[in-house]
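Protein chains: 2
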Amino acid sequence: MSGVAFLPNERLLAWREMGRIEEILNAAGKLFSERGYHATSVRAIARQLDLQGGSLYAHIESKEEVLFQIVERAAKRFAAVVENLPEGGARERVCAFVRGHLRVVVEELPYATVFFHEWKFLSEPYKARIRELRDAYEAALKELIEAGVREGVFRVEDPDLAAKFVLGALNWVYQWYRPGGRLGPEELGRVFCPLVLGALGGEG
Amino acid sequence: MSGVAFLPNERLLAWREMGRIEEILNAAGKLFSERGYHATSVRAIARQLDLQGGSLYAHIESKEEVLFQIVERAAKRFAAVVENLPEGGARERVCAFVRGHLRVVVEELPYATVFFHEWKFLSEPYKARIRELRDAYEAALKELIEAGVREGVFRVEDPDLAAKFVLGALNWVYQWYRPGGRLGPEELGRVFCPLVLGALGGEG
Numbered sequence: 007m008s009g010v011a012f013l014p015n016e017r018l019l020a021w022r023e024m025g026r027i028e029e030i031l032n033a034a035g036k037l038f039s040e041r042g043y044h045a046t047s048v049r050a051i052a053r054q055l056d057l058q059g060g061s062l063y064a065h066i067e068s069k070e071e072v073l074f075q076i077v078e079r080a081a082k083r084f085a086a087v088v089e090n091l092p093e094g095g096a097r098e099r100v101c102a103f104v105r106g107h108l109r110v111v112v113e114e115l116p117y118a119t120v121f122f123h124e125w126k127f128l129s130e131p132y133k134a135r136i137r138e139l140r141d142a143y144e145a146a147l148k149e150l151i152e153a154g155v156r157e158g159v160f161r162v163e164d165p166d167l168a169a170k171f172v173l174g175a176l177n178w179v180y181q182w183y184r185p186g187g188r189l190g191p192e193e194l195g196r197v198f199c200p201l202v203l204g205a206l207g208g209e210g
Numbered sequence: 007m008s009g010v011a012f013l014p015n016e017r018l019l020a021w022r023e024m025g026r027i028e029e030i031l032n033a034a035g036k037l038f039s040e041r042g043y044h045a046t047s048v049r050a051i052a053r054q055l056d057l058q059g060g061s062l063y064a065h066i067e068s069k070e071e072v073l074f075q076i077v078e079r080a081a082k083r084f085a086a087v088v089e090n091l092p093e094g095g096a097r098e099r100v101c102a103f104v105r106g107h108l109r110v111v112v113e114e115l116p117y118a119t120v121f122f123h124e125w126k127f128l129s130e131p132y133k134a135r136i137r138e139l140r141d142a143y144e145a146a147l148k149e150l151i152e153a154g155v156r157e158g159v160f161r162v163e164d165p166d167l168a169a170k171f172v173l174g175a176l177n178w179v180y181q182w183y184r185p186g187g188r189l190g191p192e193e194l195g196r197v198f199c200p201l202v203l204g205a206l207g208g209e210g
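Here the protein sequences line up with chains A and B, keeping their order.
Here the first sequence stands for residues 7 to 210, numbered as in our numbering.
Here the second sequence stands for residues 7 to 210, numbered as in our numbering.
Next comes the structure, spelled out in structure tokens:
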């Protein structure tokens, strides 16, 4: 008898349902990232899972809810990068940010792609929730940059534009990165970190 | 009698047709950039122009041809940035590249958006043609960077990744730029140029 069979029935069901939702989000994330949200039907998502279109609604409320869950998951993984920054000087913290951010982009490529491209198709209140997470994340990078300016290790005219510049350079990786290529996320972070420090007016 | 009326009939017709195609590309560019290529029907493009869907086919061959023309136009405007770089040192040339690239992104926002997002939906031989233009453009930036390394004004470990980094930082502007805001393309170039020079290991 497997360990799972000892779970009380309700927990077992919730466990199975979580796995099912995970599968749905992965299938939808792949399709949304490849063809876009509007061009992907609930039927197409179901087909990926060998389900009837209608039976998907036993697990999800709407296609938009699926989009929201994908985008929110990506947003939370990015937020965790900021929450887990090491103590230390601004240079070390910015480099840890760069490495952590690139790891999310690379490890969650379809989710990150949907986060970057498709979040704008959310309606309220979903959209406001995601905008809040995005703004907080960008503000956190801006504060890292400002801390470095106060420490005297960065020279930046406009920390807001500098944060947008750095995020753009990091995010764009999703456009050309192919898993299994010569570059892992660690190597990418190693090369990108001095580029970012240099942009911020520190020694690369 | 207007000057235009003196044109020979054939040239007049070609002239009018050019204007009509321009209108079609602008309408399609707006829709593709807002909702994506796959989610935009020929009927929706026609509706923007107060035309019947079918009558659009008097001017265009297919929706994909419209996508190709939009993407190619953006690619050629970017290519012109490289063709029109001033003579001079690598620092001046990189900054001219930054300003020129940002000007295209900002002035052709819907076209640039479609170029960044939707080109992947082209089929061959369209796709190969655009890939060629994209690769040549990125290679030109890489050469600018390498020239700066030879001159001793840049320090860059991996010129290929550095070019991708810079292009990402510049391209990402399409995600947040809103025409009519506080930043014109000139001001944006003024702030971004030292960020790029710094990233490349030169003095910002």
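Ideal Cβ positions, reconstructed from N, Cα and C, are used throughout, including at glycine.
The structure displayed is predicted, hence computed values, not measured ones.
Segment contact, 8 Å Cβ cut-off, at least three pairs: the region 78-98 of chain B with the region 135-145 of chain B: yes
CA-to-CA distance, A/K170 to A/F74, given in whole angstroms: Position 68 of the first sequence, counted from the start, is the residue given in the question as residue 74 of chain A. Position 164 of the first sequence, counted from the start, is the residue given in the question as residue 170 of chain A. Roughly 23 Å separates the two Cα atoms.
Inter-residue spacing [alpha-carbon to alpha-carbon] between B/E5 and B/G174: The structure shown does not extend to residue 5 of chain B, since chain B is modelled only from 7 through 210, so no value can be given for it.
A/H44 at chain B interface by Cβ criterion, 7 Å: In the first sequence, counting from the first residue as 1, residue 44 of chain A sits at position 38. With 7 Å as the cut-off, A/H44 counts as an interface residue toward chain B.
Rounded C-alpha distance that separates B/P191 from B/V202: In the second sequence, the residue the question calls residue 191 of chain B occupies position 185. In the second sequence, the residue the question calls residue 202 of chain B occupies position 196. Straight-line Cα distance between these residues: approximately 16 Å.
Buried versus exposed, by CB contacts within 10 Å (16 or more), B/W182: Within the second sequence, residue 182 of chain B is the residue found at index 176, counting from 1. Looking at its Cβ environment, which holds fewer than 16 other Cβ atoms inside 10 Å, B/W182 is exposed.
Span of the alpha helix (DSSP H), counted from its first residue to its last, around B/A175: As a working mapping, residue 175 of chain B is identified with position 169 in the second sequence. Unbroken alpha helix (DSSP H) run through B/A175: 165-177.
Option nearest B/I151 by Cα separation, candidates B/L55, B/E113, B/G207: The sequence position of residue 151 of chain B within the second sequence is 145, counting from 1. Closest by alpha carbon: B/G207.
Check whether A/G35 and A/Y117 have beta carbons under 7 Å apart: Position 29 of the first sequence holds residue 35 of chain A. Position 111 of the first sequence holds residue 117 of chain A. For A/G35 and A/Y117, yes; Cβs fall inside 7 Å.
A/G25 to A/L55 span [Cα, whole Å]: Numbered from its first residue, the first sequence carries residue 25 of chain A at position 19. Numbered from its first residue, the first sequence carries residue 55 of chain A at position 49. Cα to Cα, the separation comes out at about 13 Å.
Option nearest B/P200 by Cα separation, candidates B/V155, B/R109, B/G154, B/R97: The count along the second sequence starts at 1 and reaches residue 200 of chain B at position 194. Among B/V155, B/R109, B/G154, B/R97, the Cα nearest to that of B/P200 is on B/R97.
Pick from B/E28, B/H44, B/L108 that is closest to B/V88, judged by C-alpha positions: Along the second sequence, one-based indexing puts residue 88 of chain B at 82. Among B/E28, B/H44, B/L108, the Cα nearest to that of B/V88 is on B/L108.
Alpha-carbon to alpha-carbon, A/E67 and B/E40: By 1-based counting over the second sequence, the position of residue 40 of chain B is 34. By 1-based counting over the first sequence, the position of residue 67 of chain A is 61. So the alpha carbons of these two residues sit roughly 25 Å apart.
Reference B/V112, options B/G95, B/R83, B/I27, B/L147, closest by Cα: Taking the first residue of the second sequence as 1, we reach residue 112 of chain B at position 106. Nearest C-alpha to B/V112: B/R83.
Counted within 10 angstroms of its Cβ, other Cβ atoms place A/E93 as buried (16 or more) or exposed: Residue numbering aside, residue 93 of chain A sits at position 87 when the first sequence is read from its first letter. It is exposed - the Cβ of A/E93 has fewer than 16 other Cβ atoms within 10 Å.
Same chain, Cβ closer than 7 Å to A/I27, neighbours up to 5 away in sequence not counted: Along the first sequence, read from residue 1 onward, the residue named residue 27 of chain A stands at position 21. Closer than 7 Å at the Cβ level, and outside the excluded window around A/I27, lie H65.
Contact with chain A by B/D164, beta-carbon distance below 7 Å: For the purposes of this step, residue 164 of chain B is identified with residue 158 of the second sequence, where counting begins at 1. Closer than 7 Å: yes.
Own chain residues within Cβ distance below 8 Å of B/L115, not counting five before or after: Here residue 115 of chain B refers to the residue found at position 109 of the second sequence. Contacts found: S39, Y180, Y183, P185.
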